[in-house]
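Keeping their order, the protein sequence lines are chains A, B, C and D.
Take any residue in the first sequence, count from 1 to its spot, add 1: that is its number in the working numbering.
Take any residue in the second sequence, count from 1 to its spot, add 1: that is its number in the working numbering.
Take any residue in the third sequence, count from 1 to its spot, add 6: that is its number in the working numbering.
Take any residue in the fourth sequence, count from 1 to its spot, add 6: that is its number in the working numbering.
C-beta: ideal position from N, C-alpha, C; glycine also.
Just so you know, these numbers come straight off a predicted model, no measurement behind them.
Contents: one structure, followed by commentary.
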Amino acid sequence: MSELLQLLTPEGQRLHHPDYDVDISGEELRGLYRDMVLVRRLDTEAHALQRQGELGLWPPLLGQEAAQIGAGRALRPDDYAFPTYREHGVAWTRGVDPVSLLALFRGVTNGGYDPTDHGFALPTIVIGDQTLHAVGYAMGVQRDAGLDSPPGSGVISFFGDGASSQGDVNEAFVWAAVNNAPVVFFCQNNQWAISQPLSRQTRIPLYRRAEGFGCPGLRVDGNDVLAVLAITRAALDRARRGDGPSLIEAYTYRMGAHTTSDDPTRYRVETELEQWRLKDPIERVRAYLLRTGAGDRAFMDEVDQQADDMAARLRQACRDLPDPAPDAMFAHVYAEPQDLVQQEQRWWREYLGADHG
Amino acid sequence: MSELLQLLTPEGQRLHHPDYDVDISGEELRGLYRDMVLVRRLDTEAHALQRQGELGLWPPLLGQEAAQIGAGRALRPDDYAFPTYREHGVAWTRGVDPVSLLALFRGVTNGGYDPTDHGFALPTIVIGDQTLHAVGYAMGVQRDAGLDSPPGSGVISFFGDGASSQGDVNEAFVWAAVNNAPVVFFCQNNQWAISQPLSRQTRIPLYRRAEGFGCPGLRVDGNDVLAVLAITRAALDRARRGDGPSLIEAYTYRMGAHTTSDDPTRYRVETELEQWRLKDPIERVRAYLLRTGAGDRAFMDEVDQQADDMAARLRQACRDLPDPAPDAMFAHVYAEPQDLVQQEQRWWREYLGADHG
Amino acid sequence: MGEPVTLAAALNQALHDAMDDDPKVLVMGEDVGRLGGVFRVTEGLHAKHTDARVIDTPLSESGIVGAAIGLAMRGYRPVCEIQFDGFVFPAFDQITTQLAKMHARSDGATRLPVTIRIPYGGGIGAVEHHSESPEAYFAHTAGLRIVTCSHARDGYQMLRQAITCDDPVIFLEPKRRYWDKAELGDVGEGLFQSRVVRAGGDVTVVCYGPMVRTCLEVAGLAHEEDGLSLEVIDLRSLSPLDLGPVFDSVARTGRAIVVHEAPVFGGLGAEIATRISEKCFFSLEAPVLRVGAPHAPYPPSKLEHHYLPDVDRILDAVDTVRGM
Amino acid sequence: MGEPVTLAAALNQALHDAMDDDPKVLVMGEDVGRLGGVFRVTEGLHAKHTDARVIDTPLSESGIVGAAIGLAMRGYRPVCEIQFDGFVFPAFDQITTQLAKMHARSDGATRLPVTIRIPYGGGIGAVEHHSESPEAYFAHTAGLRIVTCSHARDGYQMLRQAITCDDPVIFLEPKRRYWDKAELGDVGEGLFQSRVVRAGGDVTVVCYGPMVRTCLEVAGLAHEEDGLSLEVIDLRSLSPLDLGPVFDSVARTGRAIVVHEAPVFGGLGAEIATRISEKCFFSLEAPVLRVGAPHAPYPPSKLEHHYLPDVDRILDAVDTVRGM
Ligand SMILES: Cc1ncc(C[n+]2csc(CCOP(=O)(O)OP(=O)(O)O)c2C)c(N)n1
Ligand SMILES: Cc1ncc(C[n+]2csc(CCOP(=O)(O)OP(=O)(O)O)c2C)c(N)n1
Ligand SMILES: [Mg+2]
Ligand SMILES: [Mg+2]
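This is the structure in structure tokens:
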């Protein structure tokens, strides 16, 4: 599909598409709206907490709410998702307590939750590595079902436009293709990899990368939650049915800095942001809800109230996160006992006991 | 180009193509024939030397003579080529003394010649690494010419069907595309990566990989020296002009074992070989020469005689290759003096002097 | 006990038995299927278990380890083959940043019982990148376990144990010993224990993998020619190190040498020597000496006998350490 | 001499001057252009030299090193930036099998004057993969040279020297010292020489990079509080090692500790300790002790002060080595 799939215009106009569409209830639509408002608030709150010194770093998702909520809500409980470090919205849809995400960026853990509880792997910071994990996991799904049967559930791997240049990501395409693995590669093309514009990673649209590996590549308006939901559902269904991998390029924009350590004014111009502000993922749903009557001001006020409550809870929970015990660094180096770690841990306890803590 | 470019059928029939063709003299054609016969003989001789224990290993090029001679003869002296370990034919066209190749596989050196003398990098054994070197070299060519001028000369990187799965090779595509580097990726798809058939590496034809990176991908009958010459010339011209990278898939077949250590009867069937024997790269040129009168029996006998002479010389030169001095392992670890290496070398000399050699 | 078998055959048997015992065990790598691996260690597995459990992979080492991680997350126990030592480096990122760290990162929630088999070491007259000893890179990486066998009996049992271990294990196979034969049978030690393979009182010789046989030859010669008694210890596990028997030995001998094929500089011998020097400081009568390769890339094969430690060079070190 | 400048500024100055002096010098990496690098070490270079000489690369570390090799073959002197220590591993194959070995492979015909700058080490409260000390992996790899600076003055001169060196140089920048200031000026030592940064007679403290400042603090405290005189040596070069001054020192002190941020097990400290133990066997009054990180992945940042050697832990080692 060479054009951008869109089901809801920035003005809140509903479009239809012969192949990709969603039949969505008012209830569901309000749910998507709520999700997006809440994760945006989560993001804003985390950002504020970083500024207050409560977090070491925060990679904001601002502008990518629709891409993440649309993709996340396309998943079923038995599907499995592999995120980067920016998928706070997807984490939300997988039922990961946002406090765990704060915990990671506060530096009290390098993980924060049990991936199997949520079908949601831990954030991957080394760019692209998770795409191969996703393919391997999908090969496991195939094997659980039997190689001659439809896999039944799907796997999705998130990555960014920058990541598309990593060898591992391209190896993942190779592996997925030759194994016909039930995996969806979901690229949030937010136009930037820190300071590098898309043109440093590719000279043609990213969704076309898939063709070269023999997989369908699809492009969707990443700021349109309905279109993302529709296309991701279709791709996951494909995977579940045994029809193999595909690549979705969600065309979106990183409205914020790369992380709280970044200063984007050094490398991009305000006018670009202005343009993308007009395409805000939440505004268009709000407009559509109001226009169709599927949601009213009262509903929106209620969601804002929920957001306020959540933010307050987050703030408190973040501050209450206990520092890990020094011992924690020895606790899980290995799954089975290991002599050296035990020795070093013993030494450490004695050392700390001797009041060096 | 989705079809296989062919300018000379297995039966020696000359075809023409609107975009890719060669206007070739009898002299040139006889040259190509000679090249192919000589490199096949070189290959056979090396194979025999390995069997006689004179070489540790030999990766035969049998069946790939047209792909290598066609590509090699498309190069100009100021172009630069990056081979794998099987490009004996390309080495030949670059003026590398075949004895140097034997030297490598005899284990008297890990290199064997000065790449800058020939515009021909050393063989690369770690699959795929050289493709990135080629792109970097091409970026240097661009810089020498000035980024706003046509680069003027071209770079070619050889690799195999198996190599197409390596991350580095795909990173090389990314780099070449975004830098519009004057590089030709020349994939000899000989259908096998040791025991792995092509289907383990891709589910669509390999030339199409390039599309995904925004580069033209071309497929050529790799057993047709004229077609390979034509298409490689065109791709190199493109590069020299500043029109950027392209990928050529030379569709061919590894007629021999992967290397002399391999036993292909374990994984492939004789009938496949039978079919490909009918497409022999040399036979079709011989037929064409004879039919058109551009070459006669006397010429062919003369070439065979040259091959015999070369083989005899090779045999002798190989046996005469002196073993390297133990000191050689210290000689070039660094370009500038390095203390540890010097100490170890001193120790070594004393140790050997004390009659431990 | 039965007939002596080669190390390659013993490892093959271990894979057969492990796959029979546990349906979650998978074998994956380049050419491991129909070909049975370039050293035939995976021979017959594909015929028995098909693509479902024996996966011929694309030519991509990062892919092999990355996909194995994903399979392990799904509950499988992949046994990966890296075709040769020199080809593990494209997978280095996945091994170092993911495989080694995932368990700690997840605070213990995610186990990655992945075994990575690597034929390693030199002495077979191969071309570049086919003869290296990369153990030090892995040993310095917390979260990995590194073991290496020296003969068929250990090979069989250690590989079985590695596959059942819930941590990632780098399983190094001394390729020049693939064709050495031994009888299979029970092994006393656990996977992470070293073993005194020859008792002696004059000098302690610490070694592992391909060097064990060489050091036993040295001990034999030293005994015959000079009446010396060397105590030879096969470390077997390189991470963790089991140096208890080494310390005991050095307490008696007062002299130790450490032998490996890898370059001495920054090699595992440094770790071993340092620990010996620390623990046996007052019993050491001479510094611990290391015998290994020089600080140089693996040379062309005509020079490898100079590059690799051999009987002469080890004997020379024994003389030196005794003369100090 | 002039105003004190930060280490980051000194390195930036070195790059400016190197590019001005030699048109073959290129700078390449992720975000090195308009952004000037995440630590601003490449600031202003792109404005001056454009894409022709300052190359913002795709997000691909293997590509950075691989392409740099090609550029070097064409006669350029690329200075690559790897954004953080933990992201060098995707380039490990290109570094280990190509960059390090090409000169030897070509029997001296091909020189690869490539500098790879890596901000390394911890102490800045970062997330995972942003605080590692990978020097041991590189030091064990023959064909590479590894250096690390500890302050702005060395930083400037060492980077200039690294860029003119005809061998590949891994240039490790202690990121937590980027903001420390020093005056620029002449440095006595060559690029591969160590330096006694504080003279003393009681214990020799060997360190490098980020730990130099910490060890100097330790020496200050030990002097003030216990009247001890520590001799502190900044290695500066990690491969080759210049241990002459260390041996001289230990000959006088009889006691040594080696300090680095990297995990102790299999770390460079083992190599240093082994060489000290060998060369100073008869002057050592206690075993050489190592202070570094435990055998564990770099922990979440709230624990890094426990993981990294600090003044207390080094003082403890000084006490221990003196009590032995
Ligand atoms: C292997 C690796 N190299 C470099 C980095 C540093 N880094 C972190 S995020 C980033 C840019 C990623 O861009 P993209 O993939 O587009 O994702 P986005 O941040 O836009 O979500 C870089 C270079 C890293 N984390 N891992
Ligand atoms: C990184 C790496 N992995 C594995 C190998 C072992 N190996 C040598 S050749 C080869 C197959 C290569 O196949 P292909 O790229 O098709 O080239 P061909 O041998 O057919 O010319 C393999 C797996 C290697 N040399 N390098
Ligand atoms: Mg991005
Ligand atoms: Mg092939």
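Assigned with DSSP and collapsed to three states, Ala262/C falls in strand. Shown here, Leu32/C sits in a strand according to DSSP, grouped into three states. Here DSSP, grouped into helix, strand and coil, assigns Arg123/D to strand.
Within the same chain, and ignoring the five residues on either side of Ser112/C in sequence, no residue has its Cβ closer than 8 Å to its Cβ.
For Asp322/C, the shortest C-beta to heavy atom distance toward ligand 3 is 7 Å or greater. Taken in chain order, the complete beta strand (DSSP E) segments of 3 residues or longer contained in the segment 68-107 of chain A are 81-83. Counting the other Cβ atoms within 10 Å of the Cβ of Phe288/D gives fewer than 16, which makes it exposed. By the Cβ rule, the segment 13-23 of chain D counts as touching the segment 180-200 of chain D, because three or more pairs are nearer than 8 Å. The alpha-carbon separation between Leu118/D and Cys155/D amounts to approximately 22 Å. Judged by DSSP secondary structure, Pro10/C falls within the beta strand (DSSP E) whose first and last residues are 10-12. Contact of Val294/C with chain D is assigned, a C-beta pair being separated by under 8 Å. Cα atoms of Ala24/C and Val60/C: separation of roughly 13 Å, rounded to the nearest angstrom. Not a single CB atom of chain A sits nearer than 8 Å to the CB of Thr272/B. Here DSSP, grouped into helix, strand and coil, assigns Ile169/D to helix.
Around the beta carbon of Pro19/A, fewer than 16 other beta carbons lie within 10 angstroms, which makes this residue exposed.
Taking 8 Å as the CB threshold, Phe106/A lines the interface with chain D. Taking the beta carbon of Lys308/D as reference, the chain A residues within 8 Å of it are Arg107, Gly108, Val109, Asp324, Pro325, listed in sequence order. If you check the C-beta of Arg204/A against ligand 3, you find no heavy atom less than 7 Å away. Taken atom to atom, the span from the alpha-carbon of Asn224/B to that of Trp93/B is near 17 Å. Taking the Cα positions, Ile232/B is about 39 Å away from Phe93/D. Excluding sequence positions up to five before and after Glu284/A, its CB lies within less than 8 Å of the CB of Pro11, Gly13, all in the same chain and listed in chain order. Chain-ordered listing is empty here: chain C has no CB closer than 9 Å to the CB of His312/D, the nearest sitting near 15 Å. Against chain D, the CB of Pro116/B has a partner CB under 8 Å away; the residue lies at that interface.
With a contact defined as Cβ atoms closer than 8 Å, Ser245/C and Ala97/C miss out at about 17 Å. Sorted by position in the chain, Pro60/B, Thr85/B, Arg87/B, Ile126/B, Val127/B, Ile128/B, Gly129/B, Phe160/B, Gly161/B, Asp162/B, Gly163/B, Ala164/B, Gln167/B, Gln189/B, Asn191/B, Trp193/B, Ala194/B, Ile195/B, Arg255/B, His259/B, Glu36/C, Asp37/C, Leu65/C, Glu67/C, Gln89/C, Phe90/C, Phe93/C, Pro96/C, His135/C make up the residues whose C-beta lies under 7 Å from a heavy atom of ligand 2.
Taking Ala74/C as the centre and dropping the five residues before and after it, the same chain places the C-beta of Met34, Pro84, Cys86, Val120 closer than 7 Å to its C-beta, in chain order. By the rule that beta-carbons nearer than 8 Å mark a contact, Val185/B does not touch chain D. Beta-bridge partners assigned by DSSP to Leu295/C: Ile263/C. Take the alpha-carbon of Gln199/D and the one of Asp248/D: they are about 6 Å apart. Contact of Arg144/A with chain C by beta-carbon distance below 9 Å involves Leu32, Ala58, Arg59, Leu77, Arg80, Tyr82. Membership of Ala329/B in the alpha helix (DSSP H) is indicated by the continuous run 329-332. Considering only Gln339/A, Ala329/A, His333/A, the residue with the shortest C-alpha distance to Arg350/A is Ala329/A. In this structure, Val209/C places its C-beta atom within 8 Å of the C-beta atom of Leu236/C.
Closer than 8 Å at the C-beta level to chain C, one finds no residue of the segment 306-319 of chain B.
Around the C-beta of His17/A, fewer than 16 other C-beta atoms lie within 10 Å, and the residue is accordingly described as exposed. Residue burial is scored here from C-beta neighbours: Gln276/A has fewer than 16 other C-beta atoms within 10 angstroms and is therefore classed as exposed.
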